[in-house]
Structures are given as structure tokens and as C-alpha cells.
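**Q** Just so we're aligned, residue 11 is where the sequence shown starts under my numbering, counting upward by one. Using N, Cα and C, we set each Cβ at its ideal position, and we do this for glycine too.
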Amino acid sequence: MLSEMLFQNWTGLARTLIVGCLAYPALVLMLRLSGKRTLAKLNAFDLVVTVALGSTLATILLSESVALAEGVLALATLIGLQWVVAFSSVRSTTVANLVRSDAALLVREGEICHDALRRERITKTELLTVIRQSAASALDNTSAVILETDGSFSVIARAQDGDPGAYAQAGLQRQGL
Numbered sequence: 011m012l013s014e015m016l017f018q019n020w021t022g023l024a025r026t027l028i029v030g031c032l033a034y035p036a037l038v039l040m041l042r043l044s045g046k047r048t049l050a051k052l053n054a055f056d057l058v059v060t061v062a063l064g065s066t067l068a069t070i071l072l073s074e075s076v077a078l079a080e081g082v083l084a085l086a087t088l089i090g091l092q093w094v095v096a097f098s099s100v101r102s103t104t105v106a107n108l109v110r111s112d113a114a115l116l117v118r119e120g121e122i123c124h125d126a127l128r129r130e131r132i133t134k135t136e137l138l139t140v141i142r143q144s145a146a147s148a149l150d151n152t153s154a155v156i157l158e159t160d161g162s163f164s165v166i167a168r169a170q171d172g173d174p175g176a177y178a179q180a181g182l183q184r185q186g187l
């Protein structure tokens, strides 16, 4: 039983090696053809597609019930649909609003925007942790904290010259957050 968990047969190993050597270059080629945007991870939708691609590749490699042609078609379908959504979102604000979220201003000039925290489901403790791990290191030294569309945080330290910083240029200040 233990030996079966560690090694089943040489055929399974050979299949994984051959399918991997064919599926991986197919994926790389499709990603090159689809452009950099496919793996940009600019928002949650992009992240889901990236994870789905990895999961699909793993299934192709490890599941004997999935033929290489089916797996490559699955990869092409995911990449194609992601391309269609990205293409459409650039040309239609309706589509863009469906698949993308806006950045959220969580701190403005050292003051926490509590409504934004609630809306984004982030605790004050989590916010302060993000600030401590940044160059600002403390709320008093923070000009802005922005929850970006991809779920990452941008912390902008308070400027010495009083300049409102990058968040004002990004239009977040005008959102009234």
C-alpha cells in the first residue's frame, strides 16, 4: 500500500513527463500570443484566471483521464476568455465595472477612513499592520493608504513639503473617500 502511494508504474511517470513537455510549451506560446495583460494580476478577476491556468496545467499533468488535447483546449479557452474580457473592459465601462473594482482610500493625511474600512471589510488592526510594515511605519507618518484593485496595499508616507502625493493624482481624493 505504501509503495503504491510512492510509485505506481513507469507508464504514469512517462505520461507525466511527455505531457508536461508538450503542455508547458503550449501554455507559454499561448501566453506569449495573448500578451502581457493575461498575467498582469491587475484585479481579482486576473488573479482568478492566473490560478485557474495553474490548476488546469496541474490537472493536465496529473490526471490520466484528461487528454493533452483537451487540456490544451482548456488552457486556450481560459486565455481566450480572459482576452475577450480584457478587450471588452477597455472598450466598455459597463464591462469594466463588472470585472474591476476601484481602488479605495483607507487613510487620508493620517486619518483613517472608517467607512472605507467597513466597505472593504478590513479591520483597523490589519490596516495598522500594513502601515507598520511600510516605510511610513506609523499612522502619523502616513499620507495615504490605498487598497489597490488587485488587493495589494499602497502606503504613501507623509511628504515633507506638504504635497498631497500620488493618491490625489490618481483621483482618489476627489472620490470623497
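Which same chain residues end up closer than 8 Å to residue 133 when comparing Cβ atoms and leaving out the 5 residues on each side of it in sequence?
**A** Around residue 133: 127.
**Q** Here's a check: name, in chain order, each residue in its chain whose Cβ is nearer than 7 Å to the Cβ of residue 88, leaving out the five neighbours to either side.
**A** 59, 62, 63, 66, listed in sequence order.
**Q** Within the continuous beta strand (DSSP E) that includes residue 166, where are the two ends?
**A** Looking at the DSSP string, the run of the beta strand (DSSP E) that includes residue 166 is 163 to 167.
**Q** Does the count of Cβ pairs from the segment 28 to 38 and the segment 73 to 84 closer than 8 Å reach three?
**A** Enough Cβ pairs lie closer than 8 Å, so yes.
**Q** Kindly list the residues whose CB is nearer than 6 Å to the CB of residue 187, restricted to its own chain and excluding five residues on each side of it in sequence; keep chain order.
**A** With a pLDDT of only 46 at residue 187, under 50, the local geometry of the prediction cannot be trusted, and the value read off the model is given with reservation. 115, 123, 126.
**Q** According to the Cβ coordinates, are residue 166 and residue 153 closer than 8 Å?
**A** For residue 166 and residue 153, yes; Cβs fall inside 8 Å.
**Q** Is the beta carbon of residue 33 sitting closer than 8 Å to the one on residue 82?
**A** Yes, Cβ-Cβ distance for residue 33 and residue 82 is below 8 Å.
**Q** Drop a sphere of 10 angstroms on the beta-carbon of residue 42, count the other beta-carbons inside from all chains shown, and report buried for 16 or more, exposed for fewer.
**A** By the 10 Å Cβ count, residue 42 comes out exposed.
**Q** Within its chain, find whatever has a CB closer than 8 Å to the CB of residue 142; leave out the 5 residues flanking it on each side and keep chain order.
**A** The answer, listed in chain order, is 148.
**Q** Please name the residue or residues paired with residue 77 in a DSSP beta bridge.
**A** Looking at the DSSP assignment, residue 77 forms no beta bridge with any residue, so it has no partner.
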